[in-house]
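Enquirer: One structure coming up, written as structure tokens, with questions to follow.
Residue numbers (the UniProt record's numbering): 1 to 505.
Structure representation (structure tokens):
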């Protein structure tokens, strides 16, 4: 029998180094790679030559060949190709234009942009770059601020993607869950666990609901109130200098270029699920990945045929777009593989067990979800990346849930919510930058106007996790409580720092 070594505080080094380097360098790949290598060196007596051999023989090659991981890589590559095709087809842009044509008030403009963001769920960055050019002239005509548009674009990008299992976000999260379940010997489906965690993602849900609350409430507060007042009075706004990249294609395209591929995608998944016994039988994660990959591939083929038939591009060009989308996923896949490696090395070092054992007398199980949410907020905001924060914090969170006897879906939901905050609000996040660019808004203006709104959603989420931890209340009741908290914090903020919006004639 192999001897179990207790590494004690040394087991914390990979996780701590990953977080510190992510803060310092804002380079997730470098941070995870160094963290993984240091974790191996701890096990082999600080021998770098031997560590290099073990890096490949015991970790990277093993993780790449482990059960579900190759499926995840192929699936994420297919998702990347599909998203690139949908964006290039112009269907989403045509859909957004059709929605925008019926807008004649500030409230309708905000709700239409919000609805467009919900429908264009397949890409966090594509969402902003598609909707921004469509709604910018409408917001200008109605004298609504560019800052408000960029806030809506940002709040319907990653907060939507993280809730949907068939997006790249969902696939990535499920891959981490599957790896941790296999490591801990948990007999559960990564897909069903992700689905169960969706209602526990308080921050993403509240961030989405806050948009219609603000639209119907007709009040703004903080820097957003000032931006709205400047727009209403026709005063100069803090807008981006360069809007050249946002020019849309002049070619006439149909919304069906987006709708039909999505129907094929969802139809393929549903047919395969039903053939495997859904909804009466649980479907294993491996089959779910087969259905998702098949759906994305068939939908991509249909989209390529439609683009070619409409003479928007040649078939070769559409194939190049598909391959280009796969290539764009390259850096993401590197993060995924390194995250698997760090998870494996932390398991071998006993990191999570050491954390649980060390904190058993310091914290209670009741505060675990709120604590993990808060840590996720700090890491993701400082690094500007949700994916890197999730790679570090999800394995720790799942292990803490097991060690403290806390609900795993609740813990995962809290971690995802905290990690989303940084992607949503950090000025160094790619989606924050793209939302500002797409709306033609200055990045600093977008960041400072959005942050107070995101802040009340985060505060409501934190309080809700505390209440949930201590009461173990029904999740659907807690969602209502969380929404009530959000409304209270919004009204209180408007009362203290708010201005009522006026419709421009």
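Backbone N, C-alpha and C define an ideal beta-carbon position, used for all residues, glycine too.
Are the stretch 216-226 and the stretch 425-439 touching, with three or more C-beta to C-beta distances below 8 Å?
Expert: Counting Cβ pairs under 8 Å, fewer than three are found: no touch.
Enquirer: When you compare each of 167, 143, 273, 317 to residue 234 by their alpha carbons, which one comes out closest?
Expert: Taking the first residue of the chain shown as 1, we reach residue 234 at position 234. Of the listed residues, the one whose Cα sits closest to residue 234 is 143.
Enquirer: With distances taken Cα to Cα, identify the nearest neighbour of residue 149 among 116, 283, 176.
Expert: As a first step, residue 149 is located in the chain shown; it is residue number 149 there, counting from the start. Comparing Cα-Cα distances from residue 149 to each of 116, 283, 176, the minimum goes to 116.
Enquirer: Whole angstroms are fine: how far does the CA of residue 398 sit from the CA of residue 483?
Expert: The count along the chain shown starts at 1 and reaches residue 483 at position 483. The count along the chain shown starts at 1 and reaches residue 398 at position 398. Approximately 26 Å, taken between the alpha carbons.
Enquirer: How would you label residue 489, buried or exposed, when you count the other beta carbons within 10 angstroms and need 16 or more for buried?
Expert: What you label residue 489 is simply residue 489 of the chain shown in a count that begins at 1. So residue 489 counts as buried.
Enquirer: Starting from the C-beta of residue 481, find all residues in its chain whose C-beta is less than 7 Å away, skip the five residues before and the five after it, and write them out in chain order.
Expert: Reading the chain shown from its first residue, position 481 is the one you call residue 481. Same-chain partners within the cutoff: 464, 467.
Enquirer: To the nearest whole angstrom, what separates the beta carbons of residue 198 and residue 163, a pair I think is in contact under 8 Å?
Expert: Your numbering for residue 198 matches position 198 in the chain shown. Your numbering for residue 163 matches position 163 in the chain shown. So it is a contact: roughly 6 Å between Cβ atoms.
Enquirer: So residue 219 is in the beta strand (DSSP E); what residue range does that whole segment cover?
Expert: As a first step, residue 219 must be located in the chain shown, where it is residue number 219. Residues 219-221.
Enquirer: Compute the beta-carbon to beta-carbon distance between residue 38 and residue 30, rounded to the nearest angstrom, for a pair I have assumed lies under 8 Å.
Expert: Counting from 1 along the chain shown, the entry for residue 38 is found at position 38. Counting from 1 along the chain shown, the entry for residue 30 is found at position 30. The Cβ separation is near 12 Å, so there is no contact.
Enquirer: Answer with buried or exposed for residue 263, where buried requires no fewer than 16 other C-beta atoms within 10 angstroms of its C-beta.
Expert: Taking the first residue of the chain shown as 1, we reach residue 263 at position 263. Burial call: exposed.
Enquirer: Provide the residue(s) that pair with residue 498 in DSSP beta bridges, ordered along the chain.
Expert: If you number the chain shown from 1, residue 498 lands on position 498. Note: residue 498 sits in a beta bridge opposite 221.
Enquirer: Would a check of beta-carbon distances place residue 413 closer than 8 Å to chain C?
Expert: As a matter of chain content, chain C is missing from the structure shown, which is built from one protein chain.
Enquirer: Within the chosen definition, does the stretch 99-115 reach the stretch 398-408 through at least 3 CB pairs nearer than 8 Å?
Expert: No: fewer than three Cβ pairs fall under 8 Å.
Enquirer: For a quick check, are the C-beta atoms of residue 82 and residue 299 less than 8 Å apart?
Expert: Position 82 of the chain shown, counted from the first residue, corresponds to residue 82. Position 299 of the chain shown, counted from the first residue, corresponds to residue 299. The answer is yes: Cβ separation under 8 Å.
Enquirer: From what residue to what residue does the alpha helix (DSSP H) around residue 49 run?
Expert: Here residue 49 refers to the residue found at position 49 of the chain shown. Here the alpha helix (DSSP H) through residue 49 covers 48-54.
Enquirer: For residue 371 versus residue 390, is the C-beta spacing smaller than 8 Å?
Expert: As a first step, residue 371 is located in the chain shown; it is residue number 371 there, counting from the start. As a first step, residue 390 is located in the chain shown; it is residue number 390 there, counting from the start. Cβ atoms of residue 371 and residue 390: not closer than 8 Å.
Enquirer: Thinking C-beta only, is residue 395 closer than 8 Å to residue 469?
Expert: Taking the first residue of the chain shown as position 1, residue 469 is located at position 469. Taking the first residue of the chain shown as position 1, residue 395 is located at position 395. Their beta carbons are not under 8 Å apart, which means residue 469 does not touch residue 395 by this criterion.
Enquirer: Could you pull out every residue in the same chain whose Cβ sits closer than 6 Å to the Cβ of residue 449, ignoring the five residues on either side in sequence?
Expert: Sequence index remark: in the chain shown, residue 449 carries index 449 (1-based). 147, 223, 224, 227.
Enquirer: Under 8 Å, do residue 384 and residue 358 count as touching if we go by C-beta distance?
Expert: Reading the chain shown from its first residue, position 384 is the one you call residue 384. Reading the chain shown from its first residue, position 358 is the one you call residue 358. No, the Cβ-Cβ distance between residue 384 and residue 358 is not below 8 Å.
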